[in-house]
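Just so you know, we're using UniProt numbering here: the sequence shown kicks off at 1 and counts up by one. Glycine residues also receive a C-beta, built at the ideal position from the N, C-alpha and C atoms.
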Amino acid sequence: MYLQRRNRITRRTAAIRSLVAETVLTPNDFILPIFIQEGKDSIHEIASMPGYYRRTLDKTIQEVRELWSLGIKSVLLFVKSDDSTKDNTGKESWNPDGLMQRTIKAIKDAVPEMIVMTDVALDPYSEYGHDGIVDVKTGYILNDETVEALTKMSLSHAEAGADFIAPSDMMDGRIGAFRKALEENGHTGVGILSYSAKYASCFYGPFRDALDSAPGFGDKKTYQMDYANRIEALNETLQDIEQGADIVMVKPAMAYLDIIREIKNAVTVPVSAYHVSGEYAMIKAAAKMGWLDEQKTVLESLTSIKRAGADLIATYFAKDVAQLLG
Numbered sequence: 001m002y003l004q005r006r007n008r009i010t011r012r013t014a015a016i017r018s019l020v021a022e023t024v025l026t027p028n029d030f031i032l033p034i035f036i037q038e039g040k041d042s043i044h045e046i047a048s049m050p051g052y053y054r055r056t057l058d059k060t061i062q063e064v065r066e067l068w069s070l071g072i073k074s075v076l077l078f079v080k081s082d083d084s085t086k087d088n089t090g091k092e093s094w095n096p097d098g099l100m101q102r103t104i105k106a107i108k109d110a111v112p113e114m115i116v117m118t119d120v121a122l123d124p125y126s127e128y129g130h131d132g133i134v135d136v137k138t139g140y141i142l143n144d145e146t147v148e149a150l151t152k153m154s155l156s157h158a159e160a161g162a163d164f165i166a167p168s169d170m171m172d173g174r175i176g177a178f179r180k181a182l183e184e185n186g187h188t189g190v191g192i193l194s195y196s197a198k199y200a201s202c203f204y205g206p207f208r209d210a211l212d213s214a215p216g217f218g219d220k221k222t223y224q225m226d227y228a229n230r231i232e233a234l235n236e237t238l239q240d241i242e243q244g245a246d247i248v249m250v251k252p253a254m255a256y257l258d259i260i261r262e263i264k265n266a267v268t269v270p271v272s273a274y275h276v277s278g279e280y281a282m283i284k285a286a287a288k289m290g291w292l293d294e295q296k297t298v299l300e301s302l303t304s305i306k307r308a309g310a311d312l313i314a315t316y317f318a319k320d321v322a323q324l325l326g
């Protein structure tokens, strides 16, 4: 039998497959989310995220030094606030001596080249667990008042030394407000990684366990996006870029590979994706039961996200994969 084209030739050995691989993972692709808590010399495993921890500041610095040695160059910070600091204004979020601000400064002092990205949303500071200020009469999340609070929060992060602020709140108009405030206050080198297409997803549950930030009532569907929609994601992303976003994000990742590709095809700024806590937990649970090989599943999953078009991937597996890649 004569075959004019034998496609299997380029699959024949591992070396050949590596030579022609179209998508390659490296530690440069990863952003590692880090959870920080008050206290000293303590780590706390998150029950719904086995193998993942919330750390005190001193332990966080140790972790960041190790991450840098593995080639991971970017961290995304989330803090767990004490209940005593929570209210409906979010004022603790712009406290210059707050946990987030202290963490930013400590990381930049310890590992100056580490790219520090910071979560910008009010849910860790809200007595109601929502990403914005609540109208207590109606339960509605107030948009413009929330943007004002988040602008103060963003400026405090910039002043502490953040390289990028990463607004995850999904309020309208916040990117333009942040960019204007950063420019007017001399923080022209601080970037904005915008959660431009953040969906109202069931995959966030373990994350809310990590920060005790589940909504106290209702859900987040009046501000996070409907997972049935595709064009909406593109529209909001383009608006964020017009307002000054430097990097855009799709969240979650694996259930939204089509959205990642759609946005990648439409924009000229870097595209990131967040491989979220529920996606992490599912892989961990299946691996524990012996149903999946964890390493192979993680590599295939992250490769699929990059293949879909993500230039950067925020993932709880970043450290594991960096060690695996050597």
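query                                                                                                                                                                        : result
Use the C-beta contact count for Val-20: other C-beta atoms within 10 angstroms, 16 or more gives buried, fewer gives exposed.                                               : exposed
Quick one: give me the first and last residue of the beta strand (DSSP E) that Phe-30 is part of.                                                                            : 30 to 36
With respect to the alpha helix (DSSP H) encompassing Leu-325, which residues constitute its N-terminal and C-terminal limits?                                               : 318 to 325
When DSSP labels each residue in this structure, what does Met-117 get in the three-state scheme?                                                                            : strand
I'd like the list of long-range same chain contacts for Ala-245, defined as Cβ closer than 6 angstroms, with 5 residues on each side in sequence excluded.                   : Ile-175, Ile-192 and Ser-194
Shortest alpha-carbon distance to Asp-123 belongs to which of Val-79, Pro-27 and Glu-66?                                                                                     : Val-79
For Asp-258, I'd like the list of residues in its chain whose CB is within less than 6 angstroms of its CB, leaving aside the five on either flank, ordered along the chain. : none
Measure how close the beta-carbons of Thr-151 and Ser-196 come, nearest whole angstrom, since I'm counting them as under 8 angstroms.                                        : Between Ser-196 and Thr-151 the Cβ distance is about 18 angstroms, and since that is not below 8 angstroms, they are no contact.
Please classify Tyr-2: is it buried, with 16 or more other beta-carbons within 10 angstroms of its beta-carbon, or exposed?                                                  : exposed
Note down the Cα distance separating Leu-99 from Ala-210, rounded to an integer number of angstroms.                                                                         : 16 angstroms
Just how far apart, CA to CA, sit Phe-317 and Leu-32?                                                                                                                        : 8 angstroms
Could you please give the first and the last residue of the uninterrupted beta strand (DSSP E) stretch that includes Val-79?                                                 : 74 to 79
Roughly how many angstroms lie between the CA atoms of Gln-239 and Met-289, to the nearest whole one?                                                                        : 44 angstroms
DSSP beta-bridge partners for residue 393?                                                                                                                                   : The structure shown has nothing for residue 393, since the chain only spans 1 to 326.
Which residue's Cα is closest to the Cα of Gly-51: Pro-96, Leu-299, Met-282 and Trp-68?                                                                                      : Met-282
How is residue 338 classed by DSSP in three states: helix, strand or coil?                                                                                                   : It is not possible to answer for residue 338, since the shown part of the chain is limited to 1 through 326.
Exposed or buried, which one is residue 381 when buried takes at least 16 other CB atoms within 10 Å?                                                                        : A question about residue 381 goes unanswered here, because the residues of the chain that appear run from 1 up to 326.
Count the other CB atoms within 10 Å of the CB of Val-147; is the residue buried (16 or more) or exposed (fewer)?                                                            : buried
Between which residues of its own chain and Pro-96 is the CB-CB distance below 8 angstroms, once the five residues before and five after are set aside?                      : Ser-156, Glu-159 and Ala-160
Does the beta-carbon of Thr-118 have 16 or more other beta-carbons within 10 angstroms, so that it is buried, or is it exposed?                                              : buried
Apply the 10 Å Cβ neighbour rule to Gly-90 and answer buried if 16 or more other Cβ atoms are within range, or exposed otherwise.                                            : buried
If you draw a straight line from the C-alpha of Val-64 to the C-alpha of Ile-104, how long is it?                                                                            : 11 angstroms
In three-state DSSP terms, what is Ala-245?                                                                                                                                  : coil
Between Phe-178 and Gln-224, what straight-line distance do the alpha-carbon atoms span, to the nearest angstrom?                                                            : 19 angstroms
So which of Asn-7, Gln-243, Leu-25 and Lys-86 has the shortest CA-CA distance to Gly-309?                                                                                    : Leu-25
Suppose you measure from the CA of Val-321 to the CA of Phe-35; what does that come to, to the nearest Å?                                                                    : 19 angstroms
Three Cβ pairs or more, each shorter than 8 angstroms: is that satisfied between the stretch 65 to 84 and the stretch 106 to 117?                                            : yes
Check each candidate in Asp-144, Thr-188, Lys-220 and Asn-265 and name the one with the smallest Cα separation from Asp-311.                                                 : Asn-265
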